[in-house]
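Everything below concerns the one structure shown next.
Residue numbers (our numbering): 32 to 205.
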């Protein structure tokens, strides 16, 4: 009984210490000083209009920033600081509009197809490789919403910045 309790407390202590360790490491990007976040769209650097099925691009941008902050990465809008995160987005201009396609399928909706995320930072900080984010759903006819893509992209960035430790994030479709 005592041994089981001791082992349980030891495991809990190791888990708590390992969760706090990355936040203590000052060489990780965007932990001590905030990184400016820049969104670049592939169609002339202006976000597409809101879509009736997949939502608004502003939802993706705000969810991306808020999710990074939840994960302990300090961010600001714009890239004026010494460190920045650039998200280059490629829109998907012919996405299926119906939840269940049939004859005469409507392809007039749009969402995000992919993103390339680069982190520029100060000397001495741990370098982060370029991240290609491609959110695929299990059904190839289903596309991810702007908000779901923002959350997934932020989790992929945090996962890569932490050294790809833990379970890999997955896209939540539907």
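Ideal Cβ positions, reconstructed from N, Cα and C, are used throughout, including at glycine.
Contacting residues, own chain, Cβ-Cβ under 7 Å from residue i (five flanking each side not counted)
| i | result |
| --- | --- |
| residue 65 | 105, 106, 107, 112 |
| residue 154 | none |
| residue 199 | 190 |
| residue 136 | 127, 129 |
| residue 92 | 70, 181 |
Sub-8 Å separation of residue i and residue j beta-carbons
| i | j | result |
| --- | --- | --- |
| residue 150 | residue 164 | no |
| residue 128 | residue 84 | yes |
| residue 82 | residue 178 | no |
| residue 176 | residue 145 | no |
| residue 161 | residue 202 | no |
| residue 157 | residue 60 | yes |
Same chain only: Cβ atoms within 8 Å of residue i, ignoring 5 sequence neighbours per side
| i | result |
| --- | --- |
| residue 67 | 106, 107, 108, 109, 110, 111, 112, 114, 115, 116 |
| residue 10 | Not covered by the structure: residue 10. The range shown for the chain is 32 to 205. |
| residue 69 | 109, 110, 115, 116, 117, 118 |
Bounding residues of the alpha helix (DSSP H) (the contiguous stretch that carries residue i)
| i | result |
| --- | --- |
| residue 181 | 177–192 |
DSSP beta-bridge partners of residue i
| i | result |
| --- | --- |
| residue 123 | 142 |
| residue 147 | 119, 163 |
| residue 107 | 67 |
| residue 82 | 86 |
Contacting residues, own chain, Cβ-Cβ under 6 Å from residue i (five flanking each side not counted)
| i | result |
| --- | --- |
| residue 94 | 178, 181, 182 |
| residue 55 | A caution first: residue 55 carries a pLDDT of 41, below 50, which makes its placement in the model unreliable, though a value can still be read off. Answer for residue 55: no residue qualifies. |
| residue 78 | 72, 88 |
| residue 152 | 60, 114 |
| residue 194 | none |
Nearest candidate by alpha-carbon position, reference residue i, set the options
| i | options | result |
| --- | --- | --- |
| residue 80 | 200, 204, 186, 123 | 123 |
| residue 169 | 204, 196, 92, 72 | 204 |
| residue 148 | 194, 196, 86, 187 | 187 |
| residue 140 | 87, 77, 197, 156 | 87 |
| residue 171 | 126, 71, 92 | 126 |
| residue 118 | 196, 195, 143, 174 | 143 |
| residue 96 | 189, 196, 193, 200 | 189 |
| residue 102 | 185, 137, 173 | 185 |
| residue 18 | 92, 192, 69, 138 | Lying outside 32 to 205, the shown extent of the chain, residue 18 is not represented and no answer is given. |
Where the beta strand (DSSP E) containing residue i begins and where it ends
| i | result |
| --- | --- |
| residue 92 | First-last for residue 92: 88–101, but that is the alpha helix (DSSP H), not the beta strand (DSSP E). |
Below-8 Å beta-carbon distance, residue i vs any chain B residue
| i | result |
| --- | --- |
| residue 71 | Judged by its chain identifiers, the structure shown contains no chain B, having just a single protein chain. |
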